[in-house]
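Sequence positions in the sequence shown follow UniProt numbering and run 1 to 199.
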Amino acid sequence: MLNSMDHRLSAEDRKKQLVKIGLMMLRTTPIHELSIDSIAAQAGISRGLLFHYFPSKRDYYVAVISAAGRRLLRVTKPDASLKPEEQLQEMLTQFVAFIERRRTAYISFVRGAAGGDDFAVEVYDETRAGLTKRILTYLGTPDLADEPTSADYLRIHAWLSYTEDLAIEWSGLLEADRPYAADHLVTHAIEALHVLRKL
Numbered sequence: 001m002l003n004s005m006d007h008r009l010s011a012e013d014r015k016k017q018l019v020k021i022g023l024m025m026l027r028t029t030p031i032h033e034l035s036i037d038s039i040a041a042q043a044g045i046s047r048g049l050l051f052h053y054f055p056s057k058r059d060y061y062v063a064v065i066s067a068a069g070r071r072l073l074r075v076t077k078p079d080a081s082l083k084p085e086e087q088l089q090e091m092l093t094q095f096v097a098f099i100e101r102r103r104t105a106y107i108s109f110v111r112g113a114a115g116g117d118d119f120a121v122e123v124y125d126e127t128r129a130g131l132t133k134r135i136l137t138y139l140g141t142p143d144l145a146d147e148p149t150s151a152d153y154l155r156i157h158a159w160l161s162y163t164e165d166l167a168i169e170w171s172g173l174l175e176a177d178r179p180y181a182a183d184h185l186v187t188h189a190i191e192a193l194h195v196l197r198k199l
């Protein structure tokens with residue numbers, strides 16, 4: 001049980017605490033398998049009180065998925081003082097590391113969107129759009145960041161799916177069975193990006 005089970009928490013702080021617990025549990029449990037009873041117990045509150053903060057189980061899941069999307073954007077944001085190509089490399093390095101560290105949670109995030117839940121799709125799309133816009137900026141085409149119908153935007157968006165799937169499959173292998181290290185995966189992904197942009 002978390003130490004922060006202070007019953008004097010404000011409603012907003014309690015909601016943040018419950019989402020944080022959900023994010024921690026998401027590391028090993030798919031989003032739709034999160035136990036509301038376990039989450040409430042860890043927070044030191046009743047199941048009924050959890051539903052005071054989140055009207056339904058889906059509302060709670062939506063809050064956790066949204067937080068997961070914001071966390072991904074935050075942890076993959078590179079040092080702004082780096083050169084553009086270095087920012088791209090750092091962003092991808094953190095992206096691959098994030099998927100490797102939180103593979104179950106990330107797959108849950110992706111499959112939640114693939115499963116067609118409207119809000120999960122929206123959060124996933126917003127997160128993917130945020131990453132696409134960053135990459136276009138690093139590539140020296142910030143004017144295309146808000147042009148989702150442009151050819152380059154569509155290429156970057158599709159390339160992210162390739163890199164994401166590669167990282168998911170790679171991270172699912174035993175370390176001894178992986179054909180290359182994370183830094184090689186990142187280098188390969190960047191090379192693939194440059195080739196794709198020339199097609």
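Note that the Cβ used here is the ideal one computed from N, Cα and C, for glycine as well.
Owing to the predicted nature of the structure, the values given are computational and were not obtained by experimental measurement.
Annotation for Glu85: the continuous alpha helix (DSSP H) segment containing it runs 84-101. A distance below 8 angstroms between beta-carbons, with the five flanking residues on each side excluded, links Ile168 to the following residues of its chain, in chain order: Ile99, Arg103, Tyr106, Ile107, Val110.
The beta strand (DSSP E) runs lying completely inside the segment 14-41 and spanning 3 residues or more number zero.
Of the candidates Ile36, Arg134, Arg14, Ile21, Arg134 places its Cα closest to the Cα of Glu90. In the structure shown, Ile45 falls within a coil segment according to DSSP collapsed to helix, strand and coil. For the pair Lys77 and Arg27, the Cα-to-Cα distance works out to about 21 angstroms. When DSSP states are grouped into helix, strand and coil, Tyr124 belongs to the helix group.
According to the DSSP assignment, Arg178 belongs to no alpha helix (DSSP H), since it is labelled neither H nor E. Comparing alpha-carbon positions, the option among Ala129, Ala43, Gly172 lying closest to Leu9 turns out to be Ala43.
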